[in-house]
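Asks: Just passing along the structure, written as structure tokens.
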Amino acid sequence: MTFKKPSVLPGFNLSLGYTLFYLGLIVLLPLSALVYKTAGLEWADFWSTVSDPRVVASYRLTFGASFIAALLNLVFGLLVAWVLVRYSFPGKRLIDAMVDLPFALPTAVAGIALATLYAPNGWIGKHFAEDGLIGELLGKEIKLAFTPLGIVIALIFISLPFVVRTVQPVLEDLEIELEEAASSLGASRWQIFSRVILPTIWPALLTGFALAFARAIGEYGSVVFIAGNMPMESEITPLLIISKLEQFDYLGATAIAVVMLAASFAMLLVINLLQWWTAKRLGRRT
Amino acid sequence: MSTKPRRSGITDETPWVKWLLTGTALTFIGLFLLVPLVSVFAEALNKGWELYLAALVDDDALSAIKLTLVTAAIAIPLNLTFGVAAAWAIAKFDFKGKSLLVTLIDLPFSVSPVVAGLVYVLLFGSHGWFGPWLEENDIKIIFAVPGIVLATLFVTFPFVARELIPLMEAQGSDEEQAAMVLGASGWQTFWRVTLPNIKWGLLYGVILANARAMGEFGAVSVVSGHIRGMTNTIPLHVEILYNEYNFVGAFACASILALLALVTLALKSWVEWKAERDTEAARAAANAE
């Protein structure tokens, strides 16, 4: 087989050449600088940097908070997609458009807004203070901003659209006949949901979850304002990279960045597999 | 998006389940999306219009706005050209290694913005590959405007390409082939046949890329150096004001970005609606023949 199938259309060499040149210049060359720089590190130095207790605590926080946020979005994202596809209510189109707000709103804006809202004197945070509504109910103060809980809140915000937007089209294309058949065979509404609908949308749900998780682990802008940024406690990995850079510890920053990059690549692989699975699952049904 | 008419009650939930689900979903959206959005404007106008406007016409704020606009004005056309070229090569031709190329184009979306900024520091910073050479020739990239543009190029890299590739693949190349057979040149075919077909997808990608370019924080923050009036974009200016406890100023500048987000969402919905209408019109025309 030759490299390219023949075609009457022109411009293949020009467009592919430019694509490869630009991709190399903007993406591949810079990323290879990262790998090259790490290759210059002794293995022992690299390992002691990336397994430092403070760094490990930041991984645990970053991945843990991202996992919780993505999990909550899995549940609520499915709920929002379900309501948008199945029910009608006033302002539905507006709500549908609003779901993409986290893609459009700059992360720094989301960050300061959430930090202010969930601070102990903020619109939402004050209800969780000792003399607040929920604080009194529980008999103690719950700190949201400047704790790991605040990080989870910020990550819920920025990864909210992913599950909704991956599940919504699949729900729309769901064949109503299957549900009618199940219903006429005596299945309850819950049985239909768990045995007919859920298995069909499961790959899309997992894809949305993985996309949300992948976005959350790299997130910086919306988190730093609400996080508190205490070492060992509320310091996320991207922030650690920035503090290393500010101390001119380029090798330290690079080593941690390589770990993050490896995590990103692993997630990219998982997402590609999930998307392939989704396509296969849906293709078989139609 | 369209809602299919539902035929019968047997595949419906009981009304109270419907209300409960809708109510929970709306509360979630309200709490996590609407309240933060509203709070930006409320905090910005907290001390009245005069202070709000004063915060916006401040010299540093104006230079941040200018830098943000300049950055987007450079980054978007470059990534637009790339997106069209990449989509043409990938969607109109069959060649080896295509899916690898598509994955590589999507790569910047999976890289943390902080890492995206860092890689340019490693290339062009004073300790970087090209650092000594740049210093000798008195060129500044890191902690200067070129670095900000490069970081923005990286984070907005895939937007246009990933809109256009599936769109152009779905459209196929029959129309282009017909134009070529009838004697049109390559460029004529592109301008008169391809471009009108992909204009909505193109615009969609540009709108999303623009929102990201103007709002990027993490990547730009690493390469900017935060020099007031020089290398601060609006998001970085917001951060500085916020950390100085100048909340009205911070939220005033943030409110410009929030407005940008609302305009982005409105334009995006409009483009979706237009594209849907065009597709329906084309289908109706095809059926009439």
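Going down the list, the protein sequences come from chains A and B. Residue numbers for the first sequence follow the UniProt record's numbering, so the first one is 1 and each next one is one higher. Residue numbers for the second sequence follow the UniProt record's numbering, so the first one is 1 and each next one is one higher. Beta carbons are placed, not taken as given, at the ideal position from N, Cα and C, and that holds for glycine.
Using the Cβ count rule (16 or more neighbours within 10 Å means buried), how would you classify leucine 138(A)?
Replies: With fewer than 16 other Cβ atoms within 10 Å, it is exposed.
Asks: Tell me, please, which residues DSSP counts as bridged to phenylalanine 95(B).
Replies: Its beta-bridge partners are Lys4(A).
Asks: Which of the three DSSP states is assigned to aspartate 12(B) in this structure?
Replies: coil
Asks: In angstroms with no decimal places, state the Cα-to-Cα distance between alanine 87(B) and asparagine 137(B).
Replies: So the two alpha carbons sit approximately 37 Å from each other.
Asks: Please report the Cβ distance between alanine 179(B) and valine 40(B), rounded to the nearest whole angstrom; I am assuming they are in contact, meaning their Cβ atoms lie under 8 Å.
Replies: Actually they do not touch by this definition, with Cβ atoms about 49 Å apart.
Asks: Taking just the CA atoms, how far does proline 108(B) sit from alanine 145(A)?
Replies: Our two residues, alanine 145(A) and proline 108(B), have alpha carbons roughly 30 Å apart in a direct line.
Asks: Under 7 Å, CB to CB, which of the residues in the segment 167-184 of chain B have a partner in chain A?
Replies: Across the segment 167-184 of chain B, CB contacts with chain A closer than 7 Å involve Ser173, Glu176, Gln177, Met180, in sequence order along the chain.
Asks: Which of helix, strand or coil does DSSP assign to glycine 139(A)?
Replies: Glycine 139(A) carries a coil assignment under DSSP once its states are collapsed to helix, strand and coil.
Asks: Going by C-alpha to C-alpha distance, which of Thr22(B), Gly201(B), Trp187(B), Ala55(B) sits closest to proline 166(B)?
Replies: Here the closest residue by C-alpha is Gly201(B).
Asks: Do you know offhand how far isoleucine 197(A)'s Cα is from serine 159(A)'s?
Replies: 24 Å
Asks: With a threshold of 16 other CB atoms inside 10 Å of the CB of asparagine 287(B), please say whether the residue is buried or exposed.
Replies: Exposed: under 16 other Cβ atoms inside 10 Å.
Asks: Mapping the DSSP letters down to three states, classify leucine 105(A) as helix, strand or coil.
Replies: coil
Asks: Tell me the DSSP secondary structure of methionine 214(B) in three-state form.
Replies: Collapsing the DSSP output to three states places methionine 214(B) in a helix.
Asks: Span of the alpha helix (DSSP H) holding glutamate 179(A)?
Replies: First-last of the alpha helix (DSSP H) with glutamate 179(A): 176-184.
Asks: On the CB-based measure, 16 or more other CB atoms within 10 Å of its CB, does residue 292(B) come out buried or exposed?
Replies: Summary: the structure shown does not reach residue 292(B), with chain B confined to residues 1 through 289, and so no result is reported for it.
Asks: So the candidates are Tyr36(A), Glu219(A), Phe128(A); which of them puts its Cα closest to the Cα of tyrosine 59(A)?
Replies: Glu219(A)
Asks: For arginine 228(B), is the classification buried or exposed, using 16 other Cβ atoms within 10 angstroms of its Cβ as the cut-off for buried?
Replies: exposed
Asks: Just verifying my parser: in three-state terms, what is the DSSP assignment at proline 166(B)?
Replies: helix
Asks: From glutamate 216(B) to proline 235(B), what does the alpha carbon distance come to, in whole angstroms?
Replies: 7 Å
Asks: Using 8 Å for Cβ pairs, my map puts leucine 33(B) next to methionine 98(A). What's the rounded Cβ distance?
Replies: 6 Å
Asks: Could you give the C-beta distance for leucine 155(A) and valine 223(A), rounded to a whole number, given that I count them as a contact under 8 Å?
Replies: 7 Å
Asks: Ordered along the chain, which non-local residues of its own chain (more than five positions away) have a Cβ less than 7 Å from that of threonine 207(A)?
Replies: Thr166, Ile271, Leu274, Gln275, Thr278, listed in sequence order.
Asks: Touch check for the segment 239-254 of chain B and the segment 41-48 of chain B: three-plus C-beta pairs under 8 Å?
Replies: yes
Asks: Can you name the residues of chain A whose CB is closer than 9 Å to the CB of histidine 226(B)?
Replies: Simply none; closest approach about 10 Å.
Asks: Looking only at its own chain, which residues have a Cβ that is under 8 Å from the Cβ of glycine 228(A), when we skip the five neighbours before and after it?
Replies: Taking C-beta separations shorter than 8 Å and ignoring five residues to either side along the sequence, the partners of glycine 228(A) in its chain run Ala145, Phe146, Thr147, Gly150, Ser234, following chain order.
Asks: List the endpoints of the continuous alpha helix (DSSP H) containing tyrosine 87(A).
Replies: Where tyrosine 87(A) is concerned, there is no enclosing alpha helix (DSSP H), given that its DSSP letter is neither H nor E.
Asks: Does DSSP put glycine 150(A) in a helix, in a strand, or in coil?
Replies: helix
Asks: Excluding five sequence neighbours on each side, which residues of the same chain lie with their C-beta closer than 6 Å to the C-beta of isoleucine 241(A)?
Replies: Ala253, Ile256, Ala257
Asks: Under a three-way DSSP split, which group does proline 5(B) fall into?
Replies: Any reading at proline 5(B) must be qualified, since the residue scores a pLDDT of 49, below 50, and its modelled position is unreliable; no value is offered.
Asks: List the residues of chain A whose Cβ lies closer than 7 Å to the Cβ of alanine 105(B), in chain order.
Replies: One detail in the question is off: residue 105(B) reads as isoleucine in this sequence, not alanine. Per Cβ cutoff of 7 Å: Leu23.
Asks: Put aspartate 174(B) into one of helix, strand or coil per three-state DSSP.
Replies: helix
Asks: Can you pull the chain B residues whose beta carbon is under 7 Å from the beta carbon of phenylalanine 89(A), in chain order?
Replies: In chain order: Thr22.
Asks: Classify alanine 145(A) as helix, strand or coil using the three-state DSSP reduction.
Replies: coil
Asks: Proline 106(A) to threonine 189(B), Cα distance in whole Å?
Replies: 38 Å
Asks: Along the chain, where does the alpha helix (DSSP H) that runs through serine 269(B) open and close?
Replies: 247-288
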